[in-house]
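Asks: Here it is, the structure, as structure tokens.
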Amino acid sequence: MAQARDRIRKQLVDTPHCAADGWRSRARTGALAAELDLPQAREAFRDEDGRVRGAAAGAAGAAFGADLRRLLGDPDPYVVQEAAGALAKLPADPATKTQRSRPCSGSPQRT
Numbered sequence: 027m028a029q030a031r032d033r034i035r036k037q038l039v040d041t042p043h044c045a046a047d048g049w050r051s052r053a054r055t056g057a058l059a060a061e062l063d064l065p066q067a068r069e070a071f072r073d074e075d076g077r078v079r080g081a082a083a084g085a086a087g088a089a090f091g092a093d094l095r096r097l098l099g100d101p102d103p104y105v106v107q108e109a110a111g112a113l114a115k116l117p118a119d120p121a122t123k124t125q126r127s128r129p130c131s132g133s134p135q136r137t
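Position 49 of the sequence shown, counted from 1, bears residue number 75 in our numbering, the numbering being contiguous throughout.
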């Protein structure tokens with residue numbers, strides 16, 4: 027119920043206080059913040075618990091493209107999976123693509 031009210035308001039008011047403190051509450055809040063493109067999502071991307079980072083990454087959109095690319099290097103494979111899935115859903119946009127490395131000068135060129 028709290029998430030529904032916050033979705034309608036497009037701000038986090040009730041969701042952070044609807045359950046006991048813990049990773050589930052932080053994950054729920056982070057995912058909703060990412061879904062609504064709110065700055066509180068960045069706190070969830072930096073959370074110490076991978077479940078929280080993953081939940082927020084899975085709900086993130088184009089507004090958090092740079093954060094999602096950074097999460098591709100996370101040590102938790104669940105977070106990497108969620109970030110990659112979220113990036114895959116985004117439209118092709120130079121701002122959300124990772125840069126390919128150039129071949130070194132000593133390697134043979136493909137023709």
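Beta carbons: idealized from backbone N, C-alpha and C, even for Gly.
Assign G76 to one of three DSSP states: helix, strand, or coil.
Replies: Here the question's residue 76 lines up with position 50 in the sequence shown. Helix, per DSSP.
Asks: Which two residues bound the contiguous alpha helix (DSSP H) that contains P103?
Replies: Translated into positions along the sequence shown, residue 103 becomes position 77. Residues P103 to K115.
Asks: Provide the residue span of the alpha helix (DSSP H) that contains D93, from first to last.
Replies: Taking the sequence shown and counting its residues from 1, one reaches residue 93 at position 67. Element bounds for D93: G91 to L97.
Asks: Could you check whether A112 and A85 sit closer than 9 Å to each other, using their CB atoms as the reference points?
Replies: Sequence index remark: in the sequence shown, residue 85 carries index 59 (1-based). Sequence index remark: in the sequence shown, residue 112 carries index 86 (1-based). For A85 and A112, yes; Cβs fall inside 9 Å.
Asks: Note down the Cα distance separating G87 from D47, rounded to an integer number of angstroms.
Replies: Here the question's residue 87 lines up with position 61 in the sequence shown. Here the question's residue 47 lines up with position 21 in the sequence shown. One C-alpha to the other measures close to 26 Å.
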